[in-house]
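As structure tokens, the structure follows; a few thoughts come after it.
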Amino acid sequence: MTHRLFEEKHHASLYQKYRFVPPEPLKELILQYLDNKKGQPHVLAVDLGCGTGQNSRLLAPYFQEVVGIDISECQLEQARAVPGFPNVTYRVGSAEELPFEDSSVDLLTAASAAHWFNQERFLKEAVRTLRPRGCMALLGYTDNLGLHYGSCGDRLNCIFEEVKTFLSPYVSTPVAVANTKLQDLFDAIPFPDKERIESIEERKRLSVSSLVGFVESFSYYQSYLRADPEAATSLLQNMQSRFLEEMGVSSPDTEVEVQLKYFCVLACKPQ
Numbered sequence: 073m074t075h076r077l078f079e080e081k082h083h084a085s086l087y088q089k090y091r092f093v094p095p096e097p098l099k100e101l102i103l104q105y106l107d108n109k110k111g112q113p114h115v116l117a118v119d120l121g122c123g124t125g126q127n128s129r130l131l132a133p134y135f136q137e138v139v140g141i142d143i144s145e146c147q148l149e150q151a152r153a154v155p156g157f158p159n160v161t162y163r164v165g166s167a168e169e170l171p172f173e174d175s176s177v178d179l180l181t182a183a184s185a186a187h188w189f190n191q192e193r194f195l196k197e198a199v200r201t202l203r204p205r206g207c208m209a210l211l212g213y214t215d216n217l218g219l220h221y222g223s224c225g226d227r228l229n230c231i232f233e234e235v236k237t238f239l240s241p242y243v244s245t246p247v248a249v250a251n252t253k254l255q256d257l258f259d260a261i262p263f264p265d266k267e268r269i270e271s272i273e274e275r276k277r278l279s280v281s282s283l284v285g286f287v288e289s290f291s292y293y294q295s296y297l298r299a300d301p302e303a304a305t306s307l308l309q310n311m312q313s314r315f316l317e318e319m320g321v322s323s324p325d326t327e328v329e330v331q332l333k334y335f336c337v338l339a340c341k342p343q
């Protein structure tokens, strides 16, 4: 992984608090794909760019061992602080240089992370480390959220889009790649057995303050924060105030419905 944007402690804490756990239907899709392609037993899953471990913990009941890999020690400190997952371990490292033997991994996965990888080097490591019939599952969601609250959902979406537009000069190329749903990476996977699911919808309820915290965790917001801390802080405060005003409420604990559309790239190494 060549990008190092998530290593500061406060940013890591935002990831632990506000980033989403992949939805149950997506988890079941991945596990069913692995069952169909490779079959049991499922020994080792490797979660690349694992961040604070949401996806790693989700996989824990289904594998003998799960290893989360991330470039950021601060992110891994947050992941290790979550108790109750004895078969999950975390290591500092990158997707382009994996500390695993040839043909030893049942599942390579990455949740909202593969767009940061060096494509050529990552795929070379995937080919090397996956077992025959081992699988790859690269998942994520775009930043095109749908917000719903009473009759003012359209106005809330306009506010959110205005904030994204304002922050667009700070959007890095990898984030733009994520918003293409990893089309180029999918095309480059050398396995003939592969597929890309473009829209797996999830709806969840978030408080206004949590929605603002989610935006705060964006890499491009953090870039703006480094460039102009006072203006960046004001941007979030103004966004929250505008949300509450449109909703006709005063408490940032008021919940809105958030619609996310996940995507997933699946691939199976030949026998």
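If you want our numbering, it's the 1-based position in the sequence shown plus 72. By construction, the Cβ of each residue, glycine as well, lies at the ideal position given by its N, Cα and C atoms.
Review point. When burial is assigned at 16 or more other CB atoms within 10 Å of the CB, is Thr237 buried or exposed?
Key: As a working note, residue 237 is residue 165 in the sequence shown. Exposed, since its Cβ has fewer than 16 Cβ neighbours within 10 Å.
Exercise for review: Determine contact between the stretch 195–213 and the stretch 132–146, defined as no fewer than three beta-carbon pairs at a distance below 8 Å.
Suggested key: In short, these stretches do not touch, since the Cβ pair count stays below three.
Practice item. Could you check what DSSP says for Phe263 in three-state terms: helix, strand or coil? Key: Position 191 of the sequence shown, counted from the start, is the residue given in the question as residue 263. Reduced to three states, the DSSP call for Phe263 is coil.
**Study point:** Rounded C-alpha distance that separates Asp174 from Val321
**Key:** As a first step, residue 174 is located in the sequence shown; it is residue number 102 there, counting from the start. As a first step, residue 321 is located in the sequence shown; it is residue number 249 there, counting from the start. Cα to Cα, the separation comes out at about 57 Å.
Review point. To which residues of the same chain is Phe232 closer than 7 Å at the C-beta, ignoring the five residues directly before and after it?
Key: Walking along the sequence shown from the start, residue 232 turns up at place 160. Closer than 7 Å at Cβ, skipping near neighbours: Leu217, Leu219.
Exercise for review: Could you check what DSSP says for Gln104 in three-state terms: helix, strand or coil?
Suggested key: Taking the first residue of the sequence shown as 1, we reach residue 104 at position 32. It is helical.
**Study point:** Classification of Glu288 by the beta-carbon crowding that lies within 10 angstroms, buried from 16 upward
**Key:** Within the sequence shown, residue 288 is the residue found at index 216, counting from 1. Buried, since its Cβ has 16 or more Cβ neighbours within 10 Å.
Check your understanding: Taking the DSSP output, what are the residues bridged to Ser166?
Key -> Taking the sequence shown and counting its residues from 1, the one referred to as residue 166 is at position 94. Its beta-bridge partners are Glu169.
**Study point:** Exposure of Ser306, with buried meaning 16 or more beta-carbon neighbours within 10 Å
**Key:** What you label residue 306 is simply residue 234 of the sequence shown in a count that begins at 1. It is exposed - the Cβ of Ser306 has fewer than 16 other Cβ atoms within 10 Å.
Exercise for review: With DSSP collapsed to three states, give me the class of Ala143.
Suggested key: What you label residue 143 is simply residue 71 of the sequence shown in a count that begins at 1. In the sequence under discussion, the amino acid at residue 143 is Ile, which differs from the Ala named in the question. Coil, per DSSP.
**Study point:** Selected residue, minimal CA-CA separation from Tyr213, among Gln343, Cys340, Cys336, Pro342
**Key:** On the sequence shown, residue 213 is found 141 positions in, with the first residue counted as 1. The candidate whose alpha carbon is nearest that of Tyr213 is Cys336.
Exercise for review: Leaving aside the five residues before and after Arg268 along the sequence, list all residues of the same chain whose C-beta is less than 6 Å from its C-beta, in chain order.
Suggested key: The residue you call residue 268 lines up with position 196 of the sequence shown. Counting only Cβ-Cβ distances below 6 Å, and skipping sequence neighbours, we find Phe258, Val337.
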